[in-house]
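Heads up: the protein sequence lines correspond to chains A and B, in order. Take the first sequence: its position 428, counting from 1, is numbered 428 in our numbering, and each next residue is one higher. Take the second sequence: its position 24, counting from 1, is numbered 24 in our numbering, and each next residue is one higher.
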Amino acid sequence: MLLPITEIVLIIVLILLAPFTIAGLSLINTGLGRSRSAAHSLLSSLCIFAVASGVYVICGFAWQGYIGAPAHTFVAAGRQWNWLGRGPFLLRGLEFNGTAISFAAWLQIFSVGLAALIPLGACLDRWRLSAACASTALLAGWTYPLFAHWVWGGGWLAQLGINASMGHGVIDAGGSGTIHAVGGLTALALAWILGPRSGKYSLEGMPTAIPGHNAVLVLFGCFLSLLGWLGLNSAGAILFTGAAPGRIALISINTTLSAAAAILAAVVITGVRFGRPDVSISANGWVGGLVASSASCAFINPAAAIVIGAVAGALVTYSVEWFELHLGIDDPGGAISVHALGGIWGLLAVAIFASFPVPLLIDIGAGGFKVASDTGQALAQIVAIATLIGFVLPLTYGLNFVLNRIWPQRVVMEGERQGLDLYELGGGAYPDFVTHSEEFGQFR
Amino acid sequence: MKLAGFLLLLAGWVIVVAAVILLVPVNARTIFVLAGVAVEIVGLTLVIRSNPLAVSEKE
Numbered sequence: 001m002l003l004p005i006t007e008i009v010l011i012i013v014l015i016l017l018a019p020f021t022i023a024g025l026s027l028i029n030t031g032l033g034r035s036r037s038a039a040h041s042l043l044s045s046l047c048i049f050a051v052a053s054g055v056y057v058i059c060g061f062a063w064q065g066y067i068g069a070p071a072h073t074f075v076a077a078g079r080q081w082n083w084l085g086r087g088p089f090l091l092r093g094l095e096f097n098g099t100a101i102s103f104a105a106w107l108q109i110f111s112v113g114l115a116a117l118i119p120l121g122a123c124l125d126r127w128r129l130s131a132a133c134a135s136t137a138l139l140a141g142w143t144y145p146l147f148a149h150w151v152w153g154g155g156w157l158a159q160l161g162i163n164a165s166m167g168h169g170v171i172d173a174g175g176s177g178t179i180h181a182v183g184g185l186t187a188l189a190l191a192w193i194l195g196p197r198s199g200k201y202s203l204e205g206m207p208t209a210i211p212g213h214n215a216v217l218v219l220f221g222c223f224l225s226l227l228g229w230l231g232l233n234s235a236g237a238i239l240f241t242g243a244a245p246g247r248i249a250l251i252s253i254n255t256t257l258s259a260a261a262a263i264l265a266a267v268v269i270t271g272v273r274f275g276r277p278d279v280s281i282s283a284n285g286w287v288g289g290l291v292a293s294s295a296s297c298a299f300i301n302p303a304a305a306i307v308i309g310a311v312a313g314a315l316v317t318y319s320v321e322w323f324e325l326h327l328g329i330d331d332p333g334g335a336i337s338v339h340a341l342g343g344i345w346g347l348l349a350v351a352i353f354a355s356f357p358v359p360l361l362i363d364i365g366a367g368g369f370k371v372a373s374d375t376g377q378a379l380a381q382i383v384a385i386a387t388l389i390g391f392v393l394p395l396t397y398g399l400n401f402v403l404n405r406i407w408p409q410r411v412v413m414e415g416e417r418q419g420l421d422l423y424e425l426g427g428g429a430y431p432d433f434v435t436h437s438e439e440f441g442q443f444r
Numbered sequence: 001m002k003l004a005g006f007l008l009l010l011a012g013w014v015i016v017v018a019a020v021i022l023l024v025p026v027n028a029r030t031i032f033v034l035a036g037v038a039v040e041i042v043g044l045t046l047v048i049r050s051n052p053l054a055v056s057e058k059e
């Protein structure tokens, strides 16, 4: 359907902000990694985005589709269930004349790039560039489009409101589940497959702190991320949940408040526990607040956004330590805590805090629409979370497990010791500075 | 143990999907969805505990 010209201009501006999420997350990941792999980290970010966008255009959007577009369906219990898009590859036949689907395709290129970038945060300092690109192709070409179709493309999760009287179906305006939980669970799978960085855990299994090398990059990345999230959340809410353009002010306020509450929670908690605020955990808290705000940003009041953000900040703060200390998972960038747990909390927050004063865009076919009630919304969100944990996690682990057998994902020990900059790229990010002090003897 | 955990994750998800598709009464559907989630949690626990660096393994 063609959008009004004012809405077209608005959506264009919002989507142009979305790449700042990728820039911000790239800086955060690089800053939280080691200096000997800094250039490799940023180059990997660019290559991951390049591969993700290319593969997504080739086949991803064809399988993701959009509300009302052709799709594969099956009939069960007397109802039709939509499970996969059936569009042409390479965006053939897509009319770039102001239709909602064309803007959705554009926004999704940035969304899938962001989702593909998330695992890099958990795999810093040991993930080969070529393997990262191969894994990204799997995520962007299959895993992400499949789940995104179910939530945003009119698939069975979105149909829960119509087919099973579960509220409005799964609501995920800015992608807490679709982008961040999918990316975060992929990060978890890869962290298991790659194993921890060498020297991270002692023989007794106790973790050693390997701090990030540049806090300025991390914190500046947080600012850029906010800019991008304002665009991503607003455009997603308009295109995928039918939120009115006038809600942009509410969406932006909620997104900002959630991030603010999250970082303040992280700062206070780490300040109380450790005597001083922790920079990396606080930065992760900020992003956790952004992630948690995404699903419900268009349908909550500002007070709820503050609560959601504060809970996200606390969740990230404690879970980072829990993953490292108790579960033995080395996650340098906090990707699993921020995006997987934050995304799942964001989906759950819809059930707790969201209210829907106007009917959402629910296509029941043949040009008809149904006014949905809020009853059953919580169950719909729980079904989405169950799908993420029970289907997406095994799927992404299985795909990357097989990939690892064909194309080893982890760099060899010598490469990790030298640093990925020198080993894979032949040059360091900071050639004027000594980054391997243990290799030098006494200076004359 | 990791494989068993992943199989339980999938089994739990299948229970959830079956409950959504096949059950009409709200109470029955809710109970079975939560049962499926519980099976998933058991599966996730098994997967996590199969990690040799997990605390329980260290102990």
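Think of the CB as a built atom: it goes at the ideal place given N, C-alpha and C, for glycine as much as any other residue.
| query | How would you list, in chain order, the residues of chain B whose beta-carbon sits under 8 Å from the beta-carbon of L194 of chain A? | reply | Position 194 of the first sequence holds residue 194 of chain A. What L194 of chain A touches in chain B: nothing, since even the nearest Cβ is about 12 Å away.
| said: For the structure I just gave you, are there three or more beta carbon pairs, one from the stretch 77-92 of chain A and one from the stretch 150-159 of chain A, closer than 8 Å? | reply: yes
| said: Can you tell me which residues form a DSSP beta bridge with A82 of chain A? | reply: Mapped onto the first sequence, residue 82 of chain A falls at position 82. The amino acid occupying residue 82 of chain A in the given sequence is Asn; Ala does not appear at that position. Answer is A:T73.
| query | Using a C-beta cutoff of 7 Å, does G12 of chain B count as contacting chain A? | reply | For the purposes of this step, residue 12 of chain B is taken as residue 12 along the second sequence, with counting starting at 1. Answer yes: the Cβ-Cβ gap between G12 of chain B and chain A drops below 7 Å somewhere.
| query | For a contact meaning CB atoms closer than 9 Å, what does N110 of chain B contact in chain A? | reply | Since the first residue of chain B shown is 1 and the last is 59, residue 110 of chain B is not available in this structure.
| field | N- and C-terminal bounds of the alpha helix (DSSP H) containing M413 of chain A | value | Numbered from 1 along the first sequence, position 413 holds the residue referred to as residue 413 of chain A. Element bounds for M413 of chain A: M413 to Q418.
| What separation, rounded to the nearest whole angstrom, lies between the Cα atoms of P88 of chain A and A62 of chain A? | Within the first sequence, residue 88 of chain A is the residue found at index 88, counting from 1. Within the first sequence, residue 62 of chain A is the residue found at index 62, counting from 1. Going from the Cα of P88 of chain A to the Cα of A62 of chain A covers about 5 Å.
| task | Identify each residue in the stretch 386-403 of chain A for which the Cβ-Cβ distance to at least one residue of chain B is less than 8 Å, and report them in chain order. | result | A386, T387, I389, G390, F391, L393, P394, Y397 and G398
| message | Checking 7 Å against the spacing of the C-beta atoms, do S252 of chain A and L230 of chain A come in under that value? | response | Taking the first residue of the first sequence as 1, we reach residue 252 of chain A at position 252. Taking the first residue of the first sequence as 1, we reach residue 230 of chain A at position 230. Yes, Cβ-Cβ distance for S252 of chain A and L230 of chain A is below 7 Å.
| task | Ignore the nearest five residues each way along the sequence and tell me which others in V279 of chain A's own chain have a CB closer than 6 Å to its CB. | result | Counted from its first residue, the first sequence places residue 279 of chain A at position 279. Only A215 meet the Cβ criterion.
| said: I want to check one thing, is the minimum distance from the CB of A116 of chain A to the heavy atoms of the ligand FMN below 6 Å? | reply: Ligands displayed in this structure: none; no statement on the ligand FMN is therefore possible.
| message | Just list the residues that DSSP pairs T45 of chain B with in beta bridges. | response | Taking the second sequence and counting its residues from 1, the one referred to as residue 45 of chain B is at position 45. Its beta-bridge partners do not exist; DSSP assigns none.
| message | Would D421 of chain A and R36 of chain A be called neighbours here (beta carbons separated by less than 7 Å)? | response | In the first sequence, the residue the question calls residue 421 of chain A occupies position 421. In the first sequence, the residue the question calls residue 36 of chain A occupies position 36. In contact: D421 of chain A and R36 of chain A (Cβ atoms closer than 7 Å).
| said: For a minimum of 4 consecutive residues, which ranges assigned as the alpha helix (DSSP H) are wholly contained in the stretch 13-48 of chain A? | reply: 19-32
| Neighbouring residues, chain A, relative to L9 of chain B (Cβ below 7 Å) | As a position in the second sequence, residue 9 of chain B is number 9, starting the count at 1. Going along chain A in sequence order, the residues near L9 of chain B (Cβ under 7 Å) are I389, G390, L393 and P394.
| said: Tell me the residue span of the alpha helix (DSSP H) that contains V267 of chain A. | reply: Looking up residue 267 of chain A in the first sequence gives position 267. That run of the alpha helix (DSSP H) goes I248 to F274.
| query | Going by the beta-carbon positions, is the gap between A305 of chain A and T241 of chain A smaller than 7 Å? | reply | Against the first sequence, residue 305 of chain A aligns to sequence position 305. Against the first sequence, residue 241 of chain A aligns to sequence position 241. The answer is no: Cβ separation not under 7 Å.
| message | So A283 of chain A and C222 of chain A are supposed to be a Cβ contact under 8 Å. How far apart are they, rounded? | response | Along the first sequence, read from residue 1 onward, the residue named residue 283 of chain A stands at position 283. Along the first sequence, read from residue 1 onward, the residue named residue 222 of chain A stands at position 222. Correct: roughly 5 Å between the Cβ atoms.
| message | Does chain B have any CB closer than 7 Å to the CB of A158 of chain A? | response | What you label residue 158 of chain A is simply residue 158 of the first sequence in a count that begins at 1. No, A158 of chain A lies away from the interface with chain B (no Cβ there is under 7 Å from its Cβ).
| Three-way DSSP call (helix, strand, coil) for Y430 of chain A in this model | In the first sequence, residue 430 of chain A corresponds to position 430, counting from 1. Three-state DSSP puts Y430 of chain A in coil, outside helix and strand.
| Close Cβ partners of A140 of chain A (< 6 Å) along its chain, the five nearest in sequence each way excluded | The count along the first sequence starts at 1 and reaches residue 140 of chain A at position 140. Excluding sequence neighbours, A140 of chain A sits near A52, V55, Y56, G60, V112 and A116.
| Sub-7 Å separation of V218 of chain A and L32 of chain A beta-carbons | The sequence position of residue 218 of chain A within the first sequence is 218, counting from 1. The sequence position of residue 32 of chain A within the first sequence is 32, counting from 1. It is a contact, given that the beta carbons lie within the stated cut-off.
| said: Please state the DSSP three-state secondary structure of W322 of chain A. | reply: Against the first sequence, residue 322 of chain A aligns to sequence position 322. Correct three-state label for W322 of chain A: helix.
| message | Counting C-beta neighbours from all protein chains within 10 Å, is the total for N254 of chain A 16 or more, i.e. buried, or is it exposed? | response | Residue 254 of chain A sits at position 254 when you count from the first residue of the first sequence. Flag for N254 of chain A reads buried.
| field | Nearest-angstrom beta carbon gap, L53 of chain B and Y201 of chain A [assumed within contact, 8 Å] | value | Against the first sequence, residue 201 of chain A aligns to sequence position 201. Against the second sequence, residue 53 of chain B aligns to sequence position 53. That pair is a contact at about 6 Å.
| Nearest to L16 of chain A (by Cα), restricted to the options A:N400, A:L325 and A:G228 | Taking the first sequence and counting its residues from 1, the one referred to as residue 16 of chain A is at position 16. Comparing Cα positions, the closest option is A:G228.
| Which residue's Cα is closest to the Cα of F220 of chain A: A:D432, A:S26, A:P4 and A:T208? | The sequence position of residue 220 of chain A within the first sequence is 220, counting from 1. For the residues A:D432, A:S26, A:P4 and A:T208, the minimum Cα distance to F220 of chain A belongs to A:S26.
| field | Beta-carbon proximity list for F6 of chain B, same chain, < 8 Å, skipping 5 on both sides | value | Locating residue 6 of chain B in the second sequence gives position 6, counting from the first residue. Closer than 8 Å at Cβ, skipping near neighbours: G43 and V47.
| field | Same chain, Cβ closer than 6 Å to L347 of chain A, neighbours up to 5 away in sequence not counted | value | Taking the first sequence and counting its residues from 1, the one referred to as residue 347 of chain A is at position 347. So the list reads S176, G177, A295, Q381, A384 and I385, once near-sequence residues are dropped.
| Near-chain B residues of the stretch 407-430 of chain A - C-beta to any C-beta below 9 Å | none
| said: Less than 7 Å between CB atoms is the rule here; does L264 of chain A satisfy it with respect to chain B? | reply: For the purposes of this step, residue 264 of chain A is taken as residue 264 along the first sequence, with counting starting at 1. Not one chain B Cβ lies under 7 Å of L264 of chain A.
| message | Is G346 of chain A close to chain B? Criterion is C-beta to C-beta, closer than 7 Å. | response | Along the first sequence, read from residue 1 onward, the residue named residue 346 of chain A stands at position 346. Closer than 7 Å: no.
| Counted within 10 angstroms of its Cβ, other Cβ atoms place D432 of chain A as buried (16 or more) or exposed | Mapped onto the first sequence, residue 432 of chain A falls at position 432. D432 of chain A should be labelled exposed.
| query | Do we get a CB-CB distance below 7 Å when we pair L22 of chain B with the residues of chain A? | reply | Taking the first residue of the second sequence as position 1, residue 22 of chain B is located at position 22. Yes, because at least one Cβ of chain A sits closer than 7 Å to the Cβ of L22 of chain B.
| task | Output the boundary residues of the alpha helix (DSSP H) element that contains T208 of chain A. | result | Working through the first sequence from its first residue, we reach residue 208 of chain A at position 208. Here T208 of chain A belongs to no alpha helix (DSSP H), and DSSP marks it neither H nor E.
| task | Check the Cβ of I48 of chain B against every Cβ in chain A and list those closer than 7 Å, keeping chain order. | result | Sequence index remark: in the second sequence, residue 48 of chain B carries index 48 (1-based). Those are L327, listed as they occur along chain A.
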